[in-house]
Amino acid sequence: MRFVLPFLLLCTTASAQVDLIPAPANLDLQPGRFDLDQPVTIVVDNAAILPEAEMLRKVLSNALPSEPDVQVVQGPALPKRTVFLAVPSDAELPAEGYKLRINPEGISLNAADRAGLFRGITTLEQLLPGKADARSLPCLNITDHPRFPWRGMHLDVCRHFFDVDFVKKYIDLLARYKMNTFHWHLTDDQGWRIEIKNHPKLTEVGAWRSGSQVGPYSRRQYDSTHYGGFYTQEQIKEVVAYAAARHITVVPEIEMPGHALAALAAYPALGCTGGPYEVQKGWGVFDDVFCAGNDSVFTMLQDVLTEVMELFPGKYIHIGGDECPKERWKTCAKCQARMKAKGLKDEHELQSYFIQRIEKFVNGKGRKIIGWDEILEGGLAPNAAVMSWRGTEGGVAAAKEKHFAVMTPGSHCYFDHYQGDPANEPLAIGGFTTVQKTYSYEPVPTELNAEEAKYILGAQGNVWTEYILTPEHVEYMAAPRMLALAEVLWTPKDLRDEASFVRRLERAFTWAGTAGINFSRSIYNVGYRMNGSKKRGLVYVTMEAAPGLGEIHFTTDGSEPGAGSPLYVSPVEVNASGTLKAALFRDGQRLGPTGSRAFNFDLGTGRAITVQPAPNDRYDDGGPFALVDGISAGDKRVNHEWLGWRDGRITITVDLGEERAFRHAGIGALAERHSWIHPPRRVEVAVSPDGNSFTSVGKVTPPTDKDGQLEFAVNGDLRGRFVRFTVDVLERIPDGHAGAGNPPWTFLDEVHIR
Ligand code: ACM
Ligand code: ZN
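Here my numbering runs 38 ahead of the position in the sequence shown, where the first position is 1.
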């Protein structure tokens, strides 16, 4: 009996310190501690794993009174107080799997392979005490292995350049959380970042631009600062070796046939028109792409890929393939001649020809290509893997065709999106992807059966850097969303637990502070959801925070909320214009910034609304009620405020509850043509006393041809109970705009009736 209580206490103390991310597949806490105040020796069973022993030595050095020695010892006679590493272990472990045992006398780490050993070392690293903790390790047994083989993070070094030191720091961050793939986006319209000996102008010319876009895209402002940079082949080798030592594969991306303007600026003969071309200062999608009818384009790209394959030993080479306008190809004699000669029926098939020709070359060197999901259009290359970014459809289509796929849908995996209340965040490209949203991601689409699901290699977080200028900002956007994705990809699905993750994240924040890494704390923002109710003309506001973080206090009079302000317990009823403010608190201490929502009530606010067809599932976060929630969407394009459609005629009907007289009926829309968001062609407003027979009161065309927020409104002596907006959208994006020929996006918010 005497031992029971201390045993329980030990376990409680120990478990408080086993805040591992990603959570291991099996964790069995044991009584006792391994003391870190005494010296230890690292012992390996064979010399092949000395590099991992060296990694471990570095990891343990700071935690121990003296640097541990490393010894190769065969046979059972082990010195006391050792950390024993063995590969391959006697235990049956899958690739990257490991078994870690910590007991008071020593530590052993057995793994299936050297990668598994390294993953186990990162577990041990996370277990090391922080400044405030006891100088010991909890005794435990962990048996662990990953759920998916592709656990990726991407970094765009073209829109903004990041030096080798930072790239290594980024790789260290991936390694700590057991990510195993670094997708390095090396070429784009705004810069070519990899030295190619055969084509020196790619970096002499293509790595530099004469300015950069500053501020939000809508402003179209540019500075005139000479900007650029590139990695020499020696630096590339250094990074690849650095990643390899951490069992991370670097996947280089060489973009083609689009996003090619840096290359075209260097070698204008490779474009359809012959140029001249400029390395781009601004962001977007550009019509000038590699000419698909010119054989010297293929010769050049093959030369480039030959050098790339010598530098990057991994199986996959990423060839881009996304966002390639077909404008130039349509009017280029060479491209048209190629289509005729090859019997290609349209420019999509020409893109497919382009990718397949490159694939054949890459396959001939024993490697495989991976490309963004547009490579499905016009026919998928025979052995290509697909990176599904425009939703999950590309991944589904690939897997059904028995092609491997990596999932990176914008909704959950684009870490350039806002991650908290945009009012409290640095300027981002748009979108809204919280840590919780990323944590909720399931990489295997429900459309796939078990056999097809095997083609889902995993997922990846993407960090595009149009609006990310500094290393600190990259860290801020990458983490902690990357930690959430790391757990999605590593931990068995049935162990995923948001409350537990959020609790473990707090220890990661402490570590990041010590390690000088700028994790975002946007998880401490309050989230808002607006709903209608049976009592019409009201808005119910649900406020939420990740489970277990703290409590929400709010005000409705515009004042700053404090710990003494009303505690949020259930949805708050808002029935008039005003501002709601809220913040998160724990033990009376504020955890995060104040968020606010300003409501402007009119006759339509909080009323019943029907919307046909439903918005596209990429832009439907707020649901139809977002159009009458009293909150007009801002210019930071976030998808819980704006609703987006990709096709058809949209019919929106608001029921004012009773017949009313009013002088204004309007609906807001967004024009951001470079992002393929076009204003409706025309909006017809109609009124009805009964919801059956409607009388048209006006047809409105766009009030301006400029980008920005527009309102389509009818003014006059109007009367009715039902107000209907019939929104006619452009069928195709007109020539002269990004994405010409494709269906545009239509973004709407908010209905105003007053
Ligand atoms: C992409 O985000 N254009 C792949
Ligand atoms: Zn051409």
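Every residue gets a Cβ at the ideal spot worked out from N, C-alpha and C, and that includes glycine. Keep in mind that this is a model prediction, so the values were computed, not measured.
Query                                                                                               : Result
Limits of the unbroken alpha helix (DSSP H) element including Pro20                                 : Beyond the ends of the chain as shown, which are 39 and 792, falls residue 20; an answer cannot be given.
Contact set for Leu88: own chain, Cβ-Cβ below 8 Å, skip 5 residues either direction                 : Val82, Val108 and Val110
Close Cβ partners of Val501 (< 8 Å) along its chain, the five nearest in sequence each way excluded : Met191, His192, Leu193, Asp194, Phe453, Asp454, Val512, Met515 and Ala516
Boundaries (first-last residue) of the alpha helix (DSSP H) holding Asp755                          : Asp755 -> not in any alpha helix (DSSP H); beta strand (DSSP E) instead, spanning Gly746 to Asp766.
Integer-rounded CB distance, given that Ala583 should sit under 8 Å from Val564                     : 6 Å
CA nearest to the CA of Val202, picked from Asn84, Pro126 and Glu276                                : Glu276
Inter-residue CB distance, Met581 and Ala553 (contact presumed, cutoff 8 Å)                         : About 32 Å; that fails the 8 Å criterion.
Length of the line joining the Cα atoms of Leu605 and Tyr566                                        : 15 Å
Contact under 9 Å by Cβ, Gly706 with Gln650                                                         : no
Limits of the alpha helix (DSSP H) - the one that Ala300 falls within                               : Leu299 to Ala304
Residues near Gly686 by beta carbon distance below 8 Å, same chain, minus five either side          : Pro651 and Val767
Beta-carbon proximity list for Asn780, same chain, < 6 Å, skipping 5 on both sides                  : Ile771
Asp755: CB within 8 Å of a non-hydrogen atom of the ligand ATP                                      : Looking at this structure, you won't find the ligand ATP anywhere; what it does contain is the ligand ACM and the ligand ZN.
Buried or exposed by the 16-neighbour rule on C-beta atoms within 10 Å, applied to Thr471           : buried
Rounded separation between Pro420 and Gly404 - CA only                                              : 14 Å
Residue(s) in a DSSP beta bridge with Ser603                                                        : Paired residue(s): none; Ser603 is not in a bridge.
Sheet register partners of Lys406 (DSSP bridge)                                                     : Tyr354
Secondary structure of Gly551, DSSP reduced to three states                                         : helix
Inter-residue Cα distance where the pair is Ile690 and Glu788                                       : 11 Å
For Phe200, the three-state DSSP class (helix, strand or coil)                                      : coil
Trp427: CB within 8 Å of a non-hydrogen atom of the ligand ACM                                      : yes
For Lys137: DSSP bridge partner residues                                                            : Asn148 and Thr181
Beta carbon shell of the ligand ZN at less than 7 Å from a heavy atom                               : Cys310, Cys329, Ala330, Gly331, Asn332, Arg366, Trp367, Cys370, Lys372 and Cys373
Environment of Asn148 [buried if 16+ CB atoms lie within 10 Å]                                      : buried
Contact test: Asn730 Cβ vs the ligand ACM heavy atom, cutoff 8 Å                                    : no
Rounded straight-line distance, which links the Cα of Pro184 to that of Pro530                      : 8 Å
Presumed contact (8 Å Cβ cut-off) between Ser174 and Leu74, rounded CB distance                     : 5 Å
Identity of the residue in Gly602, Leu495, His441 and Gln228 nearest Lys417 by Cα                   : The amino acid at residue 417 is misidentified as Lys; the sequence shows Gly. The residue with the shortest Cα to Cα distance from Gly417 is His441.
Reference Ala461, options Ser734, Ser634, Ala524 and Ser390, closest by Cα                          : Ser634
Closest by C-alpha distance to Trp230, when choosing among His237, Arg71, Phe220 and Ala245         : Ala245
Pair within 9 Å by beta-carbon distance, Lys353 and Thr446                                          : no
Distance between beta carbons of Leu641 and Ile494, contact taken as under 8 Å                      : Between Leu641 and Ile494 the Cβ distance is about 49 Å, and since that is not below 8 Å, they are no contact.
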